[in-house]
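A.B. asks:
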Amino acid sequence: MPGRFDLSVEDLSGILGDEPAYRARQVWRSLYQGREPEEMTDLPLALRLRLADELVAGLRPVTTSVNADGDTTKWLWALADGARVETVLMAYPSGRVTVCVSTQAGCAMACSFCATGQAGFERQLTAGEIVEQVVRSGRASATGRVSNVVFMGMGEPLANYGAMWAAIERLHGDVGLSARHLTVSTVGIVPGILRLAQERLPVNLAVSLHAADDELRDSLVPINRRYPLAAVIEACQAWVASRNRRLSFEWALIDGVNDRPSDASQLAALARPLAAHVNLIPLNPTPGYLTRGTPPLGVRAFRDRLVAAGVNATVRRNRGTDIAAACGQLAAVDLLVGPGNQIVGQPPPAGSALTE
Ligand code: SAH
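Be aware that the sequence shown starts at 600, since it is given in the working numbering, and climbs by one per residue.
Pasting the structure below:
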């Protein structure tokens, strides 16, 4: 039985049987607004109870963790077949609420410094499993909704293109998010970037660059051997040229590896002609990569060099490192609990995987 967000309107009609024809759309709207069948008080009680039984959830929460600052929540979910993924919800003082979704269980890209890459690939997520992460996060957020979605959780979105794009269409059309509030992040899958540039919804694109020469990038981001920098930059040019779409580069600052003055000037030479915004992320610790992140003074110096070279650059605040929810730390394994960390909910007893 597919999860409730993997059902089409026709599937819903089938489940509703002899109910009036308008019911399928009615139930659909309620689902995407985040209501549970029990809460659909515009339906007869008997129908609500039946739907609660038949519209199965695609995600089951295993643990919910909140960071010490109380502004970041991470969920570890079990999918129907037992695969596990994580979602991170971030609230900002401005009222903005951003959810970071996973598109794959695991990842095949094998970036050396990323916990998801260190763990390897398990399976693709369905569009419904991606959408459900957003809908559930919205329910849990203080404002009752999310304002932005970033495809920056586990997995490579452009290696699961069909499901990723179907999820974007639903988030736009059914959850009601504007394309400008949706950001797809990629390790640099060139055909995927070119395809995305042709889509009708102008979502934002973030490219995880991390190195501005092929030798260094080959070692950090192995897919660079298949899609080297020149090809990635050419695809970025096509992206920017097609209806003036926004581009950013992500750069995890690694001490002594990619934080030298020469790295900053090489990066500036790539970013400036594209008017790309650079997001600097001091490297977060992961179990499989021992080099540490650039210390704060070095981060500032690197940013200042970019800015002096005419590049728009900001440092991404590291949220949720205490609950292993920060960039590159999602591994869908039981948590290492740090000091000040608050864990809400417990892992299920061994052997209680979902059976559907
Ligand atoms: N696969 C996509 C989506 C993941 S986004 C992509 O690579 O863009 C996650 C972002 O966090 C990427 O920019 C990734 O390179 C970055 N990242 C991975 N490991 C990190 C770490 N240990 N510290 C900081 N950033 C990291």
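For every residue, glycine included, the Cβ atom is placed at its ideal position computed from N, Cα and C.
1) Between the beta-carbon of residue 898 and the beta-carbon of residue 914, is there less than 8 Å?
2) Run through DSSP, which three-state label would residue 704 get?
3) Which residue comes first and which comes last in the beta strand (DSSP E) that contains residue 664?
4) Is residue 710 close to the ligand FMN? I mean its beta-carbon at under 7 Å from any heavy atom of the ligand.
5) For residue 723, which of helix, strand or coil comes out of DSSP?
6) Report the CB separation of residue 712 from residue 927 in whole angstroms; it is logged as a contact under 8 Å.
7) Out of curiosity, what's the CA-to-CA distance linking residue 824 and residue 690?
8) Take residue 842 and list the residues in its own chain whose beta-carbon comes closer than 8 Å to its own, dropping the five residues that flank it on each side.
9) Does DSSP put residue 734 in a helix, a strand or coil?
10) Cα separation between residue 674 and residue 687?
11) Three-state secondary structure (DSSP) at residue 755?
12) Please determine whether the Cβ atom of residue 786 lies at a distance below 7 Å from any heavy atom of the ligand SAH.
13) Suppose contacts are defined by Cβ-Cβ distances below 8 Å. Is residue 758 in contact with residue 788 by that definition?
14) Check this for me: beta carbons of residue 666 and residue 924, under 8 Å apart or not?
15) I'd like to check one pair, residue 706 with residue 753: are the Cβ atoms closer than 8 Å?
16) Under 8 Å: do the segment 806-814 and the segment 760-779 share three or more Cβ pairs, one atom per stretch?
17) Quick one: any contact between the segment 620-627 and the segment 636-654, if contact means 3 or more CB pairs under 8 Å?
18) What's the gap between the Cα of residue 634 and the Cα of residue 608?
19) Between residue 830 and the rest of its own chain, which residues show a CB-CB distance below 6 Å, the 5 nearest in sequence each way excluded?
20) Could you check what DSSP says for residue 934 in three-state terms: helix, strand or coil?
21) Is it right to say residue 869 is buried, meaning 16 or more other beta carbons lie within 10 angstroms of its own, or is it exposed?
22) Distance, Cα to Cα, residue 934 vs residue 751?
23) Measure the C-alpha to C-alpha separation of residue 695 and residue 677 and round it to an integer number of angstroms.
24) What three-state label does DSSP hand residue 713 in the structure shown?
25) Tell me, to the nearest whole angstrom, how far the beta carbon of residue 593 is from that of residue 885; I am working on the premise that it is less than 8 Å.
26) Going by DSSP in three states, residue 763 sits in which element: helix, strand or coil?
27) Please indicate yes or no: does the CB of residue 685 lie closer than 7 Å to some heavy atom of the ligand SAH?
28) Hey, would you say the C-beta of residue 894 is under 7 Å away from at least one heavy atom of the ligand SAH?
29) Only counting the same chain, and skipping five residues up and downstream in sequence, which positions put a Cβ closer than 6 Å to that of residue 817?
30) Any idea what DSSP makes of residue 654, helix, strand or coil?
31) Kindly indicate which three-state DSSP category residue 883 falls into: helix, strand or coil?
32) Using only alpha-carbon positions, find the residue among 656, 859, 617, 619 that is nearest to residue 636.
C.D. replies: In short, the structure shows the following:
1) Yes, these two residues count as a Cβ contact at 8 Å.
2) Strand, per DSSP.
3) Boundaries of the beta strand (DSSP E) around residue 664: 658-665.
4) This structure simply doesn't include the ligand FMN; it includes the ligand SAH instead.
5) Reduced to three states, the DSSP call for residue 723 is strand.
6) About 6 Å; that satisfies the 8 Å criterion.
7) Cα to Cα, residue 824 sits roughly 37 Å from residue 690.
8) Result list for residue 842: 801, in chain order.
9) In the structure shown, residue 734 sits in a helix (DSSP, three-state: H, G or I).
10) Approximately 6 Å, taken between the alpha carbons.
11) Here DSSP, grouped into helix, strand and coil, assigns residue 755 to coil.
12) Checking the Cβ of residue 786 against the ligand SAH gives yes.
13) It is a contact, given that the beta carbons lie within the stated cut-off.
14) In contact: residue 666 and residue 924 (Cβ atoms closer than 8 Å).
15) In contact: residue 753 and residue 706 (Cβ atoms closer than 8 Å).
16) In short, these stretches do not touch, since the Cβ pair count stays below three.
17) Two segments are said to touch when three or more pairs of C-beta atoms, one from each, lie closer than 8 Å; by this definition the segment 620-627 touches the segment 636-654.
18) Inter-residue distance for residue 634 and residue 608 is about 16 Å (C-alpha atoms, whole angstroms).
19) So the list reads 789, once near-sequence residues are dropped.
20) With a pLDDT of only 48 at residue 934, under 50, the local geometry of the prediction cannot be trusted, and the value read off the model is given with reservation. For residue 934, the three-state secondary structure derived from DSSP is coil.
21) Flag for residue 869 reads buried.
22) Only weak support exists for where residue 934 lies, its pLDDT of 48 falling under 50; the value from the coordinates is given anyway. When rounded, the separation of the alpha-carbon atoms in residue 934 and residue 751 is 20 Å.
23) Roughly 27 Å between the two C-alpha positions.
24) Looking at residue 713 - three-state DSSP - the assignment turns out to be coil, as it is neither helix nor strand.
25) In the structure displayed, the chain extends from 600 to 955; residue 593 sits before or after that span and is not available.
26) Helix.
27) Every heavy atom of the ligand SAH is 7 Å or more from the Cβ of residue 685, so no.
28) Judged by the Cβ position, residue 894 fails to qualify as a neighbour of the ligand SAH at the 7 Å threshold, every heavy atom of the ligand being at least this far.
29) Taking residue 817 as the centre and dropping the five residues before and after it, the same chain places the C-beta of 823, 824 closer than 6 Å to its C-beta, in chain order.
30) Correct three-state label for residue 654: coil.
31) In this structure, residue 883 counts as coil in the three-state DSSP scheme.
32) Closest in alpha carbon position to residue 636, among 656, 859, 617, 619, is 656.
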